[in-house]
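What follows is a short report on a single structure.
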Amino acid sequence: MTDKERHIIDVYRNGETAVLTTVTGTVCPCYTAKANYSPDWHRTNTGAENCNRTLLISRTSTNTNILMMSYPASLKLQALTLSKEQMTVIGEIQEDDLVCYGIITAAGAEIDISALDEKHDYITYDSKKYIVRYHFPAIGYLQTALLRRINP
Ligand SMILES: [Zn+2]
0 MTDKERHIID
10 VYRNGETAVL
20 TTVTGTVCPC
30 YTAKANYSPD
40 WHRTNTGAEN
50 CNRTLLISRT
60 STNTNILMMS
70 YPASLKLQAL
80 TLSKEQMTVI
90 GEIQEDDLVC
100 YGIITAAGAE
110 IDISALDEKH
120 DYITYDSKKY
130 IVRYHFPAIG
140 YLQTALLRRI
150 NP
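At position 146 of the sequence shown (counting the first as 1) the number is 145 in numbering that gives the first Met the number 0, and the numbers step up by one without a gap.
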């Protein structure tokens, strides 16, 4: 058994349950490379479906039961050395930010959290919604991410 497999078993046995919601759809016509979401476009095209800042229309949500280990970021990030670039992306650490390790499905399969898009994908944990604010490249064997709470 590899160290990574041992870590996955650890998350499988001791992880906390959460729900990952991924959203797919068609790219909204309001999207331009210059200005992501365009409220002006939606004001001009009132009859068009509103993407509600997700940049996707005709959305389909998929919920997946997941397991993960999480810690308050304010405690955990002191142990990590963040580069200037990482700090720029993450911004100021919020009081309810979480660092989570090893997101796996309830069946024990690893999920590629680097593919999640914070504009529309989110994790519901402890009745609160979080986006993956930052995906750390490789810390130990499991994926690590900074989750930031968003309003429901
Ligand atoms: Zn739009």
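The beta-carbon is built from N, C-alpha and C at its ideal position, and this holds for glycine as well. Keep in mind the model is a prediction, meaning the values are calculated, not measured.
The chain-ordered list of residues whose CB is nearer than 5 Å to some heavy atom of ligand 1 reads 27, 29, 50. If you ignore the 5 residues before and after residue 61, its C-beta comes within less than 8 Å of the C-beta of 20, 21, 22, 23, all in its own chain and listed in chain order. Per DSSP, residue 8 is not a residue of any beta strand (DSSP E); the alpha helix (DSSP H) it occupies stretches across 2 to 13. Within its own chain, the residues whose Cβ lies closer than 7 Å to the Cβ of residue 2, once the five positions on either side in sequence are excluded, are 140, listed in chain order.
Secondary structure at residue 109: strand, using DSSP grouped into helix, strand and coil. The bridge partners DSSP lists for residue 99 are 69, 144. The beta carbons of residue 67 and residue 107 sit no closer together than 8 Å.
By the 16-neighbour rule on beta-carbons within 10 angstroms, residue 26 is exposed.
In this structure, the straight-line span from the alpha carbon of residue 124 to that of residue 29 is close to 31 Å. For residue 63 and residue 18, the gap between their C-alpha atoms comes out near 6 Å.
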